[in-house]
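Reviewing the structure listed below.
There are 2 protein chains.
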Amino acid sequence: MPDLSDKSLPSLLVDIKPGIIDLGWGHPSPYLHPLDDIKEASNKLFSLGERDSLQYGASQGYGPFLESLARFLSGQAAYQTVTRPQELFLTAGASQGLDLACTLFAKSGDLVLVEEPTYFVIEKIFREHNLDVRGVSTDEDGMIVSDLRAKLESGMRPKFVYVIPTFQNPTGVSLSENRRRELIDLADEYGFYIFADEVYQLIYFDELPLPSMREFDGCNRVISFGSFSKILAPGLRTGWIHAAEEIVDKFTSSALAFSGGGFNQFGSVLIKHAIDLGLLEKNTDLLRKVYSNRSRVMGESLLKELGSSVEYTSPNGGFYYWIQFPEGFNTEEFLSECEDQGVSYRPGNAFSESGKFERYLRLTFTLYEEPEIAEGVARLASSYKRFS
Amino acid sequence: MPDLSDKSLPSLLVDIKPGIIDLGWGHPSPYLHPLDDIKEASNKLFSLGERDSLQYGASQGYGPFLESLARFLSGQAAYQTVTRPQELFLTAGASQGLDLACTLFAKSGDLVLVEEPTYFVIEKIFREHNLDVRGVSTDEDGMIVSDLRAKLESGMRPKFVYVIPTFQNPTGVSLSENRRRELIDLADEYGFYIFADEVYQLIYFDELPLPSMREFDGCNRVISFGSFSKILAPGLRTGWIHAAEEIVDKFTSSALAFSGGGFNQFGSVLIKHAIDLGLLEKNTDLLRKVYSNRSRVMGESLLKELGSSVEYTSPNGGFYYWIQFPEGFNTEEFLSECEDQGVSYRPGNAFSESGKFERYLRLTFTLYEEPEIAEGVARLASSYKRFS
Numbered sequence: 423m424p425d426l427s428d429k430s431l432p433s434l435l436v437d438i439k440p441g442i443i444d445l446g447w448g449h450p451s452p453y454l455h456p457l458d459d460i461k462e463a464s465n466k467l468f469s470l471g472e473r474d475s476l477q478y479g480a481s482q483g484y485g486p487f488l489e490s491l492a493r494f495l496s497g498q499a500a501y502q503t504v505t506r507p508q509e510l511f512l513t514a515g516a517s518q519g520l521d522l523a524c525t526l527f528a529k530s531g532d533l534v535l536v537e538e539p540t541y542f543v544i545e546k547i548f549r550e551h552n553l554d555v556r557g558v559s560t561d562e563d564g565m566i567v568s569d570l571r572a573k574l575e576s577g578m579r580p581k582f583v584y585v586i587p588t589f590q591n592p593t594g595v596s597l598s599e600n601r602r603r604e605l606i607d608l609a610d611e612y613g614f615y616i617f618a619d620e621v622y623q624l625i626y627f628d629e630l631p632l633p634s635m636r637e638f639d640g641c642n643r644v645i646s647f648g649s650f651s652k653i654l655a656p657g658l659r660t661g662w663i664h665a666a667e668e669i670v671d672k673f674t675s676s677a678l679a680f681s682g683g684g685f686n687q688f689g690s691v692l693i694k695h696a697i698d699l700g701l702l703e704k705n706t707d708l709l710r711k712v713y714s715n716r717s718r719v720m721g722e723s724l725l726k727e728l729g730s731s732v733e734y735t736s737p738n739g740g741f742y743y744w745i746q747f748p749e750g751f752n753t754e755e756f757l758s759e760c761e762d763q764g765v766s767y768r769p770g771n772a773f774s775e776s777g778k779f780e781r782y783l784r785l786t787f788t789l790y791e792e793p794e795i796a797e798g799v800a801r802l803a804s805s806y807k808r809f810s
Numbered sequence: 423m424p425d426l427s428d429k430s431l432p433s434l435l436v437d438i439k440p441g442i443i444d445l446g447w448g449h450p451s452p453y454l455h456p457l458d459d460i461k462e463a464s465n466k467l468f469s470l471g472e473r474d475s476l477q478y479g480a481s482q483g484y485g486p487f488l489e490s491l492a493r494f495l496s497g498q499a500a501y502q503t504v505t506r507p508q509e510l511f512l513t514a515g516a517s518q519g520l521d522l523a524c525t526l527f528a529k530s531g532d533l534v535l536v537e538e539p540t541y542f543v544i545e546k547i548f549r550e551h552n553l554d555v556r557g558v559s560t561d562e563d564g565m566i567v568s569d570l571r572a573k574l575e576s577g578m579r580p581k582f583v584y585v586i587p588t589f590q591n592p593t594g595v596s597l598s599e600n601r602r603r604e605l606i607d608l609a610d611e612y613g614f615y616i617f618a619d620e621v622y623q624l625i626y627f628d629e630l631p632l633p634s635m636r637e638f639d640g641c642n643r644v645i646s647f648g649s650f651s652k653i654l655a656p657g658l659r660t661g662w663i664h665a666a667e668e669i670v671d672k673f674t675s676s677a678l679a680f681s682g683g684g685f686n687q688f689g690s691v692l693i694k695h696a697i698d699l700g701l702l703e704k705n706t707d708l709l710r711k712v713y714s715n716r717s718r719v720m721g722e723s724l725l726k727e728l729g730s731s732v733e734y735t736s737p738n739g740g741f742y743y744w745i746q747f748p749e750g751f752n753t754e755e756f757l758s759e760c761e762d763q764g765v766s767y768r769p770g771n772a773f774s775e776s777g778k779f780e781r782y783l784r785l786t787f788t789l790y791e792e793p794e795i796a797e798g799v800a801r802l803a804s805s806y807k808r809f810s
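So the sequences go chain by chain: A and B.
Everything in the first sequence is counted per our numbering, starting at 423 for the first residue and increasing by one.
Everything in the second sequence is counted per our numbering, starting at 423 for the first residue and increasing by one.
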């Protein structure tokens, strides 16, 4: 028998030191895992005796799931894009879809462009594919597309541009409508793809976001990545790609999708039932409400505790506050002071290899309940007073 | 609302023309999907209220699953390798694990070596990573390691060698013990990794196979890929990597594993219960028995219907018969005659880009019940009589 006496292995990805309120993790709190809904969907699957859920699935994904998902997305006020099942492809989550897209659309040494700052792990995924990753500046309307245009005019030829158009990670801002159109025009003109990470699209608070990037995609240049991790349950490892049929065909005919079949057959049968039973819509509505309240609490706490000593824009959706401290402040140095005071976050420079975001930090409000969020911000403010 | 009037999308990967017994697919028959077992494992998960199953999982995989899997493998007579949970990594199936290994261990243009013939989809996956794929000859003892040695001595420097050591796809043969040792010695000497696709290891018939490649791995050069697709249910998209801790750490610290967490958290919690409840062992035993019987039926039918006009070795395990026809016979041309007679298979040249296997074909016995297997072989024989 093996020696099991070594330290036991962790169950979850989150890794938080005891006593710390870690506002760095964009994971849902345990209270928000819809275990009863997944049980109801499972009961449906078993009562119907759906043995197909255990077989190799169609490469594009389980057909009835793609049809239910198309209906769901088409009916979402925050998506605003009529979606046909033929334009959808089942993934094992947005990251898996992006990883496969790297394999299929780029090769070692190719140039790709990302927002500066951007989702910190995606840069590493691109580098694991030996891609040459460069940044494009952003402001309160998202990627500065004129900066991208200048780069293209100066000769840069990216294989794709990775962008988080709605409620961006880490800044929380959304790409304006004009820029969406201009970005797609540039993709058409220069022949690159837009990898649109739209996992926050449905998590809006008071106002509807702009439609999904696919709504503006007249030239079949957009590959949109969606995920059930943000609207149902990360542990199911299920998401989708929404793109023109010719692009979906490229994913569907990939050797990887043929080898194992659809990327999560059992998970997608479960989610099909969750959609058909109205559970996904109910959960998405619930998350919007809960996160909206938590975001409000975080905003009120920031105002109360830090006042005008920092700058930020309250997000209209998504998971994040992006906080700017005064010139010269270093959020990496500040981190250990904060952890001594029982609070943590992600320093700004985690989100860009440019090193330009030393005085920024990112807070999230998804993992903790409201009182802990308020307490976490209070600890952050008290650390700031000691530190500065 | 979207237009759903287009043709409906398929649910499964298999795509068989009406009236044809397609002996080309190595998928389990519907009768073998253990839906009741998965229901029992699900009931356990829900009765325990395991909300962690819906959260982002640990990058290496859900700890309790890795511990149960280590116990299961250590207890399998056909594995013969004491396995520690620290040496295991959760994948979304063997193909996903191999795809990630390509990303982490090779870059565009790198040389990799495979058996000739080999699993036909894996070559395509390697080519999707822009790898330079070359073949090494095989015989009844598997890869001819002296051929590999000659290639290395002549200057070839592969990043990895992909091998299916036990009950190989498509030939059904197993790598001998001497060659296992010699292959690992070469890996150590020339600094390449051995990607050992061991998905058939536990599906033996009368005699135990040689131990897993890890048992011979004194120099931490073996990365073994296992899968629940072959012993439980392909639709769960769950498998594992077994390798030295230093290699497991490389997978665990990959950006992709960090981005989405463990590759199938919900599936692995289910399988942990299937293991602990004894259901995986029961199912593996059942599959061995059923496939052994089907293999015997196929062998008897081949003998009765085709006699000495073809050559093959009855497999000791796995999924495949590899049939050699007389010199000059072309199994690609023969295919349409067979399909006219209501039977299909995979032509030999599907398994190698060398074009050397024109007179071979591969049959499988996993998807059909015994009477259909006998009928399929009878149709093949009758087609052969017409054709030759």
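Even for Gly, the Cβ is constructed at its ideal location relative to N, Cα and C.
Next item on the list: Determine, using beta carbons only, whether L431(B) and L488(A) come nearer to each other than 7 Å.
Entry: yes
Notebook entry, point to check: Should A463(A) go down as buried or exposed, given a rule of 16 or more other Cβ atoms within 10 Å for buried?
Noted result: buried
Note to self: Distance check for I606(B) and Y622(B), CA to CA, integer angstroms please.
What the structure shows: 20 Å
Notebook entry, point to check: From F688(B) to G657(A), what distance separates their C-alpha atoms?
Noted result: 5 Å
Check: Any C-beta of chain B sitting closer than 7 Å to the C-beta of G557(A)?
Finding: no
Check: Could you give the distance in angstroms between the alpha-carbon of E792(A) and the alpha-carbon of D474(B)?
Finding: 21 Å
Check: With which residues is P769(A) paired in a DSSP beta bridge?
Finding: L783(A)
Item checked: Contact set for L728(B): own chain, Cβ-Cβ below 6 Å, skip 5 residues either direction -> A803
Next item on the list: Could you check what DSSP says for G564(A) in three-state terms: helix, strand or coil?
Entry: strand
Margin query: Any heavy atom of the ligand SAM closer than 6 Å to the beta-carbon of V567(A)?
Written below: Of the ligands one can find in the structure shown there are none, so the ligand SAM has no counterpart to examine.
Check: Under a Cβ-count criterion, where at least 16 other Cβ atoms within 10 Å of its own Cβ denotes burial, should E599(A) be classed as buried or exposed?
Finding: exposed
Next item on the list: Taking only the alpha-carbon atoms, compute the straight-line gap between P580(B) and L535(B) and give it to the nearest angstrom.
Entry: 6 Å
Check: Where do the ends of the alpha helix (DSSP H) carrying S646(A) lie?
Finding: Unbroken run through S646(A) is the beta strand (DSSP E), V644 to S649; no alpha helix (DSSP H).
Notebook entry, point to check: In chain B, which residues lie with their C-beta within 9 Å of the C-beta of I438(A)?
Noted result: Those within 9 Å of I438(A) in chain B number zero; the least Cβ separation is about 13 Å.
Note to self: For D425(A) and F617(B), I'd like the C-alpha separation in whole angstroms.
What the structure shows: Bear in mind that a pLDDT of 47 at D425(A), under 50, signals an unreliable position, so the model cannot answer this.
Next item on the list: Identify every run of the beta strand (DSSP E) within the segment 474-560 of chain B, keeping only runs that are complete inside it and at least 3 residues long; order them along the chain.
Entry: 510-513 and 533-538
Check: Taking the C-alpha atoms as reference points, what is the distance between L757(B) and R768(B)?
Finding: 8 Å
Item checked: Helix, strand or coil at V583(A) [DSSP, three-state] -> strand
Item checked: Through-space distance from F747(A) to F806(A), alpha-carbon basis -> The displayed chain sequence assigns Tyr, not Phe, to residue 806(A). Their Cα atoms are separated by approximately 10 Å.
Next item on the list: Would you mind stating whether G515(A) and S649(A) have Cβ atoms separated by less than 7 Å?
Entry: yes
Checklist line | Exposed unless 16 or more other CB atoms sit within 10 angstroms - verdict on S568(B) | finding: exposed
Notebook entry, point to check: Hey, which unbroken runs of the alpha helix (DSSP H) at 4 residues or more fall wholly within the segment 691-766 of chain A?
Noted result: 701-728 and 753-762
Next item on the list: Identify each residue in the segment 609-631 of chain B for which the Cβ-Cβ distance to at least one residue of chain A is less than 8 Å, and report them in chain order.
Entry: none
Check: Since F589(B) meets chain A, which of its residues come closer than 7 Å, beta carbon to beta carbon?
Finding: Under the 7 Å cutoff, chain A gives no residues; its nearest Cβ is about 18 Å from F589(B).
Next item on the list: Look at T788(A) and F741(A) and say whether their C-beta atoms are less than 7 Å apart.
Entry: yes
Note to self: Any contact between the segment 715-725 of chain B and the segment 650-670 of chain B? By contact I mean 3 or more CB pairs, one from each, below 8 Å.
What the structure shows: no
Notebook entry, point to check: What are the boundary residues of the beta strand (DSSP E) that D619(A) is part of?
Noted result: Y615 to D619
Notebook entry, point to check: Quick one: what's W385(B) bridged to in DSSP?
Noted result: Nothing can be reported for residue 385(B), as the shown portion of chain B is limited to 423 through 810.
Notebook entry, point to check: Cα-Cα, which of L597(B), A609(B), G564(B) and I586(B) is closest to L574(B)?
Noted result: A609(B)
Next item on the list: Take every Cβ of the segment 518-537 of chain B, pair it with every Cβ of the segment 672-682 of chain B, and state whether three or more of those distances are shorter than 8 Å.
Entry: yes
Notebook entry, point to check: Does the beta-carbon distance from M720(A) to I653(A) come in below 7 Å?
Noted result: no
Margin query: Using 8 Å for Cβ pairs, my map puts S774(A) next to P539(A). What's the rounded Cβ distance?
Written below: 4 Å
Notebook entry, point to check: Does DSSP put D628(B) in a helix, in a strand, or in coil?
Noted result: coil
Margin query: Under DSSP, the alpha helix (DSSP H) around D607(B) begins and ends at which residues?
Written below: E599 to Y612
Next item on the list: Tell me, to the nearest whole angstrom, how far the beta carbon of T513(B) is from that of W662(B); I am working on the premise that it is less than 8 Å.
Entry: 6 Å
Notebook entry, point to check: Straight-line CA distance for G519(B) to D521(A)?
Noted result: 13 Å
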